[in-house]
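S.K.:
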Amino acid sequence: MNKPQSFFHLHLISDATGETLLAAGRAASAQYKDARAIEHIYPLIRTEKQVTKVFEDIEEEPGIILYTVVDQSLARGIDERCAAMGLPCVSVLEPVLAVFQSYLGTPAGRRVGAQHVLDAEYFRRIDALNFTMEHDDGQLPANMDDADIVLVGISRTSKTPTSIYLANRGIKTANIPIVLGVPVPESLVNAKTPLIVGLIATAERISQVRQNRILGNTSAYEPTDYVDRAAITEELAYARQICTRHGWPMIDVSRRSIEETAAAIVALRGKTR
């Protein structure tokens, strides 16, 4: 018998966007299937006045506090307030910075938001995102050789969200739908530069996802066929046949998150370079 789910408050205090904290907090809380975190995110906290306001909120709904604040004076203030309230508190970056300092022999520069500088890498990611949006769902198929990765698959195999996730890592990603009986573009077959990956899933999984979608955007399909498992099985067989014929690797996304699918694709890319 499953235990009833409990809830707890998770307070995330950051002097930048809070993305690092959010990832760390969710990774930890995911290990507790019977407890769900109610997240409170406080980004761009850089003054004592802001910290005071944050702790007024925490006092109303106490819980676990995680923070990434590079100003050591503010960090000490957070630690002291947590101790006074008897609440658990962790500076997420400090242990990592300590290891870096020990190995490199140099203290950290303690620059707020240093990972968000507008450098060449940042603009590379913006360029990749623009490319991916322009080449979503089979758009501009003639430009396939400009892509780093092309994802192919039948409807609802998470091609678009996976493409966007990869683009946020600076990887130009296009995606092309595979439709039963319709050949894939010749420009894709003849492409030499990109890694082409087929995304597949079980018919049950795809049917479930399709049933939760508004069919108004799927005019190429009959509504009954669109969610019918036998019809989906036929679509999947056609997609597998195409990928096998051209030697394109396939990834089953049935039980994978977008992040896990993207990681598998990046690993494939590393092997084929």
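In UniProt numbering, the protein residues as written are 1 to 273. Virtual Cβ for every residue (Gly too), placed ideally from N, Cα, C.
Whole-angstrom Cβ separation of residue 181 and residue 239, contact assumed at under 8 Å?
M.R.: 12 Å between Cβ atoms; not a contact.
S.K.: Shortest alpha-carbon distance to residue 179 belongs to which of 157, 172, 31, 161?
M.R.: Minimum Cα distance to residue 179 is reached at 157.
S.K.: For residue 242, which residues from the same chain have a beta carbon less than 7 Å from its beta carbon, with the 5 sequence-adjacent residues on both sides left out?
M.R.: 178, 184
S.K.: Going by CA-CA distance only, name the one from 166, 209, 210 that's closest to residue 266.
M.R.: 166
S.K.: From this set, 203, 232, 146, which residue's C-alpha is nearest residue 191's C-alpha?
M.R.: Taking only the C-alpha atoms, the option nearest residue 191 is 146.
S.K.: Residue 200: which of 248, 212, 189 sits nearest, CA to CA?
M.R.: Put simply, of 248, 212, 189 the residue whose alpha carbon is nearest the alpha carbon of residue 200 is 248.
S.K.: DSSP on residue 130, reduced to helix/strand/coil?
M.R.: helix
S.K.: Near residue 141, what residues of its chain come up, given a Cβ to Cβ distance below 7 Å and the 5 sequence neighbours on each side ignored?
M.R.: 176, 185, 187, 188
S.K.: When you compare the CB positions of residue 20 and residue 52, do they come within less than 7 Å of one another, or not?
M.R.: Cβ atoms of residue 20 and residue 52: not closer than 7 Å.
S.K.: Looking only at C-alpha atoms, which of 81, 73, 74 sits nearest to residue 59?
M.R.: 81
S.K.: Judging by CA-CA distance, which residue of 254, 126, 65 is the nearest neighbour of residue 169?
M.R.: Answer by Cα proximity: 126.
S.K.: Which parts of the stretch 53-106 are runs of the alpha helix (DSSP H), unbroken and 4 residues or longer, counting only runs that do not cross its ends?
M.R.: 72-85, 94-104
S.K.: Considering only residues of the same chain and omitting the five flanking positions on each side of residue 174, which have a CB-CB separation below 6 Å?
M.R.: 135, 147, 150
S.K.: Return the chain-ordered list of same chain residues with a C-beta closer than 6 Å to the C-beta of residue 195, the five sequence neighbours on each side being excluded.
M.R.: 149, 269, 272
S.K.: Under three-state DSSP, which class holds residue 228?
M.R.: coil
S.K.: Below 7 Å between beta carbons: does that hold for residue 64 and residue 13?
M.R.: no
S.K.: Taking the beta carbon of residue 129 as the centre, do at least 16 other beta carbons fall within 10 Å, making it buried, or is it exposed?
M.R.: buried
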